[in-house]
Amino acid sequence: MNDRPSVVWFRQDLRIADNPALHRAASSGRRLICVYIHEDDDPAVEGMPSPRKPGGAARWWLHHALAALDQDLRAIGGHLLYLKGPAAVELDRLIDRTGADCVLVNRVYDPEGAARDRMLTERLAARGVRLLSHNALLLHEPWTVRTRTGGPYQVFTPFWRAARALGQVPAPLPAPAQIDMAGTAPAGVPLAAFGLAPVIDWAGGIARDWTPGSADGRRRLGDFLDRHLPDYKSDRDHPGADITSRLSPHLRFGEIGPRTIWHAVHHRIEAEGLSGPARASAQGFLGELGWREFSYHLLHHFPHLPTRNLKHQFDAFPWRDDPAGLAAWQRGLTGYPIVDAGMRQLWQTGWMHNRVRMVTASFLVKHLMIYWATGEAWFWDTLVDADPASNTASWQWVAGTGADAAPYFRIFNPVLQGERFDADGRYVRRFVPELARLPDRFLHKPWTAPASVLTAAGVTLGTTYPHPIVDHAHARDRALAAFAGLRATT
Ligand code: FAD
């Protein structure tokens with residue numbers, strides 16, 4: 001038997017169960033080196049692309065996720081080696097030191113990460129080392145879902161239909177019972193050397209809501225299936241009800257895989273004989289995983305998705321430069337309670353409910369007419385689930401510049417959105433406590449409340465809570481006029 005060790009290089013797959021690279025390496029009977037390479041500020045090897053660096057909230061998550069993965073590996077006889085520097089250089093050094101002849105990875109699909117893997121495959125092959133890659137991140141890889149003419153989909157419904165027609169999703173792989181670590185591996189650096197955890201502890205609110213790691217991902221899945229799956233479809237749009245799975249950061253870092261979720265949901269459908277609305281609800285939840293797949297499909301086929309409008313006619317759109325408006329949006333001080341609640345939830349907890357992500361993003365690109373990439377960058381820095389595919393695809397969707405997008409002329413009214421989806425005000429009262437004592441009928445439009453009502457609720461507009469930074473009707477007319485001008489010129 002070959003006694004040279006194998007390297008298992010973890011990236012967006014921070015788990016030991018349903019991890020095809022780890023599973024294959026462990027099944028080979030070889031000794032292993034399990035490694036995570038942090039590239040941060042080091043200059044990349046010439047010509048080798050470097051994936052987008054995680055933002056602040058995601059760095060916090062990553063720190064704890066790596067510690068959790070190390071614990072999980074230790075429970076089966078291994079540990080995680082931390083290396084710091086350009087991946088190509090660190091892999092070379094590791095191979096020199098250990099004599100490894102094989103590197104196993106799970107594929108990434110961001111354009112830079114995928115290009116880097118292609119280059120690394122050649123670079124390693126030149127020294128007789130194989131890079132073996134697998135799918136852990138998706139139900140179906142982007143190139144396997146094809147239109148009749150063999151091209152990519154740009155509309156969700158036929159994409160998802162075609163994806164579902166591909167047949168059974170493979171069952172998740174078990175975690176290896178035991179792995180055998182190579183004794184020749186270097187000591188590496190301590191996790192703290194990555195500098196991922198904040199120096200000043202601003203993450204208290206995030207830590208109260210979240211526990212990174214596979215164990216909590218599995219717990220959240222079980223809890224969601226037990227308590228919320230049958231009501232998902234009817235309640236998922238109500239941020240105050242808070243019944244969605246909150247699996248997004250666990251999926252983002254690969255602490256739980258989509259195959260595990262897929263099979264767990266199907267098991268419930270069958271084991272509990274779900275029918276009627278409950279079954280439709282479960283299918284609706286799986287459809288959201290479909291949106292995640294669609295985002296990766298788009299990112300793979302349109303690698304400029306993070307930086308350029310998919311609909312090129314928007315390149316000529318007169319986006320506004322509005323630093324004061326942007327700052328008010330970021331800080332949750334726009335004067336529109338549902339927008340402010342969302343932006344504050346994001347800042348305080350590193351996550352925002354999907355309905356409110358749509359409303360806040362729409363407010364930025366339509367009411368303030370600020371370019372979507374500015375909002376995308378803020379979400380990238382503040383979301384614990386900031387995802388290379390879902391974040392950019394969703395922003396382009398909201399902005400009307402993307403695939404299968406909400407048309408630009410459909411402009412959310414933030415008051416009506418609040419009244420419809422947070423009718424009892426539970427969500428706004430939690431995140432905008434200075435409005436908590438306003439009666440429901442004024443909560444989403446405090447500027448319409450009589451002075452006596454404001455006084456009784458302890459609200460002084462312009463002092464304790466801002467006036468709206470822009471009038472809805474004016475903003476709507478301005479955005480529609482800009483859009484009409486665009487259509488006239490393109
Ligand atoms: P659930 O409703 O429980 O859904 C289960 C899973 O399906 C989610 O964890 C997620 O992986 C996936 N999913 C659900 N909705 C979507 C969607 N619309 N698009 C893609 N995948 C989806 N999601 C991210 O994971 N990362 C992001 O960076 C991100 N940025 C977004 C930015 C904007 C402007 C908008 C409108 C949406 C964004 N989303 C993003 C999608 C969605 O808001 C989140 O996935 C969802 O809110 C996560 O909560 P959950 O896990 O409780 O979702």
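Residue numbers (full-length UniProt numbering): 1 to 490.
The beta-carbon is built from N, C-alpha and C at its ideal position, and this holds for glycine as well.
The structure displayed is predicted, hence computed values, not measured ones.
Counting along the chain, where does the beta strand (DSSP E) carrying I33 start and finish? By 1-based counting over the sequence shown, the position of residue 33 is 33. Here the beta strand (DSSP E) through I33 covers L32 to H38.
Spatial neighbours of V155 within its chain, please: CB distance less than 8 Å, with the 5 preceding and 5 following residues excluded, ordered by chain position. On the sequence shown, residue 155 is found 155 positions in, with the first residue counted as 1. Same-chain partners within the cutoff: A403 and D404.
For E419, collect the residues of the same chain with a Cβ closer than 6 Å to its Cβ; drop the 5 residues on either side in sequence, then sort them by chain order. In the sequence shown, counting from the first residue as 1, residue 419 sits at position 419. The beta carbon of E419 lies closer than 6 Å to those of H444 in the same chain, with the five residues before and after it left out.
Among all the DSSP beta bridges, which residues are the ones paired with S133? Residue 133 sits at position 133 when you count from the first residue of the sequence shown. DSSP output for S133 lists V105 as bridge partner(s).
Can you tell which of R4, R218 and L225 has the C-alpha that lies nearest to the C-alpha of T244? Here residue 244 refers to the residue found at position 244 of the sequence shown. Ranking R4, R218 and L225 by Cα distance to T244 puts L225 first.
Continuous beta strand (DSSP E) stretch holding F10: start and end: Your numbering for residue 10 matches position 10 in the sequence shown. In the DSSP annotation of this structure, the continuous segment of the beta strand (DSSP E) that includes F10 starts and ends at S6 to F10.
Assuming H140 and N106 make a contact with CB atoms under 8 Å, what is their CB distance in whole Å? Taking the sequence shown and counting its residues from 1, one reaches residue 140 at position 140. Taking the sequence shown and counting its residues from 1, one reaches residue 106 at position 106. Not really, about 15 Å apart at Cβ, beyond 8 Å.
N- and C-terminal bounds of the alpha helix (DSSP H) containing G233: Position 233 of the sequence shown, counted from the start, is the residue given in the question as residue 233. Before going on, a small fix: residue 233 reads as Lys here, not Gly. That run of the alpha helix (DSSP H) goes Y232 to D235.
Considering only the beta carbon of each residue, do E255 and L138 sit closer than 8 Å? Counting from 1 along the sequence shown, the entry for residue 255 is found at position 255. Counting from 1 along the sequence shown, the entry for residue 138 is found at position 138. Not in contact: E255 and L138 (Cβ atoms no closer than 8 Å).
Please name the residue or residues paired with M181 in a DSSP beta bridge. Here residue 181 refers to the residue found at position 181 when the sequence shown is read from its first residue. Beta-bridge annotation (DSSP): M181 is paired with L32.
Would you kindly report the start and end of the unbroken beta strand (DSSP E) that includes residue 495? An answer regarding residue 495 cannot be provided, because it is not within the stretch 1 to 490 covered by the chain.
Helix, strand or coil: how does DSSP classify K311 here? Mapped onto the sequence shown, residue 311 falls at position 311. Reduced to three states, the DSSP call for K311 is coil.
When you compare each of R208, G425, E288 and A373 to P306 by their alpha carbons, which one comes out closest? As a position in the sequence shown, residue 306 is number 306, starting the count at 1. Nearest Cα to P306 within the set R208, G425, E288 and A373: A373.
Could you tell me the boundaries of the alpha helix (DSSP H) in which Y296 lies? To locate residue 296, count along the sequence shown from 1; it is residue 296. According to the DSSP assignment, Y296 belongs to the alpha helix (DSSP H) that extends over G276 to H301.
By the DSSP assignment, the beta strand (DSSP E) with L81 in it spans what residues? If you number the sequence shown from 1, residue 81 lands on position 81. DSSP places L81 inside the beta strand (DSSP E), whose first and last residues are L80 to K84.
Would you kindly work out how many angstroms separate the C-alpha atoms of L80 and D223, rounded to a whole number? Taking the first residue of the sequence shown as 1, we reach residue 80 at position 80. Taking the first residue of the sequence shown as 1, we reach residue 223 at position 223. So the alpha carbons of these two residues sit roughly 29 Å apart.
Kindly examine the ligand FAD and report whether one of its heavy atoms sits closer than 7 Å to the Cβ of D385. Reading the sequence shown from its first residue, position 385 is the one you call residue 385. With a threshold of 7 Å, the Cβ atom of D385 counts as near the ligand FAD, since some heavy atom of the ligand is closer than that.
Would DSSP call L461 helix, strand or coil? As a working mapping, residue 461 is identified with position 461 in the sequence shown. Three-state DSSP puts L461 in a strand.
Can you tell me whether W143 is helix, strand or coil according to DSSP? The residue given as residue 143 occupies position 143 in the sequence shown. The answer is helix: DSSP assigns W143 an H, G or I state.
Would you check whether the ligand FAD has a heavy atom nearer than 7 Å to the C-beta of T98? If you number the sequence shown from 1, residue 98 lands on position 98. No, the ligand FAD has no heavy atom inside 7 Å of this Cβ.
Within the segment 236–278, ranges of the beta strand (DSSP E) (whole runs, at least 3 residues): Complete beta strand (DSSP E) runs here, min 3: none at all.
Residue nearest to P86 in terms of C-alpha spacing, selected from R320, W61 and S50: Stepping through the sequence shown from its first residue, residue 86 is reached at position 86. It is S50.
From S27, F421, G425 and R31, pick the residue whose C-alpha is nearest to that of P174; which is it? Your numbering for residue 174 matches position 174 in the sequence shown. It is S27.
Given that a residue counts as buried once 16 or more other Cβ atoms are within 10 Å of its Cβ, and exposed if not, what is K53? Working through the sequence shown from its first residue, we reach residue 53 at position 53. With fewer than 16 other CB atoms across the displayed protein chains lying within 10 angstroms of its CB, K53 is exposed.
With a threshold of 7 Å (Cβ to nearest heavy atom), would R429 be considered close to the ligand FAD? Here residue 429 is taken as the residue at index 429 of the sequence shown, counted from 1. A distance criterion of 7 Å places the beta-carbon of R429 beyond contact range of the ligand FAD, judged by its closest non-hydrogen atom.
Enclosing alpha helix (DSSP H) for D226 [first to last residue]: The count along the sequence shown starts at 1 and reaches residue 226 at position 226. Start and end: S214 to R227.
Is the beta carbon of R478 closer than 8 Å to that of I411? Within the sequence shown, residue 411 is the residue found at index 411, counting from 1. Within the sequence shown, residue 478 is the residue found at index 478, counting from 1. The answer is no: Cβ separation not under 8 Å.
Bounding residues of the alpha helix (DSSP H) (the contiguous stretch that carries E90): For the purposes of this step, residue 90 is taken as the residue at position 90 of the sequence shown. E90 -> alpha helix (DSSP H) spans A87 to T98.
Residues near D209 by beta carbon distance below 6 Å, same chain, minus five either side: Counted from its first residue, the sequence shown places residue 209 at position 209. These residues qualify, in order along the chain: T349.
Return yes when the Cβ of D101 is within less than 8 Å of the Cβ of S214, no when it is not. On the sequence shown, position 214 is the one that residue 214 refers to. On the sequence shown, position 101 is the one that residue 101 refers to. No, the pair does not count as a contact, with Cβ atoms beyond the cut-off.
Among residues of its own chain, excluding the 5 on either side of S295, which ones have a beta-carbon nearer than 6 Å to its beta-carbon? Sequence index remark: in the sequence shown, residue 295 carries index 295 (1-based). The residues are A389, S390 and A393.
Keeping to the same chain, check which residues put their C-beta closer than 7 Å to that of F409; ignore five residues upstream and five downstream. Here residue 409 refers to the residue found at position 409 when the sequence shown is read from its first residue. Non-local beta-carbon contacts of F409 in its own chain, meaning distances under 7 Å to residues more than five positions away in sequence, involve L480 and F483 in chain order.
With distances taken Cα to Cα, identify the nearest neighbour of G77 among P258, P468 and G183. The sequence position of residue 77 within the sequence shown is 77, counting from 1. Among P258, P468 and G183, the Cα nearest to that of G77 belongs to G183.
Based on Cα-Cα distance, which residue from R430, V415 and R259 lies nearest to F442? As a first step, residue 442 must be located in the sequence shown, where it is residue number 442. Cα-wise, what sits closest to F442 is V415.
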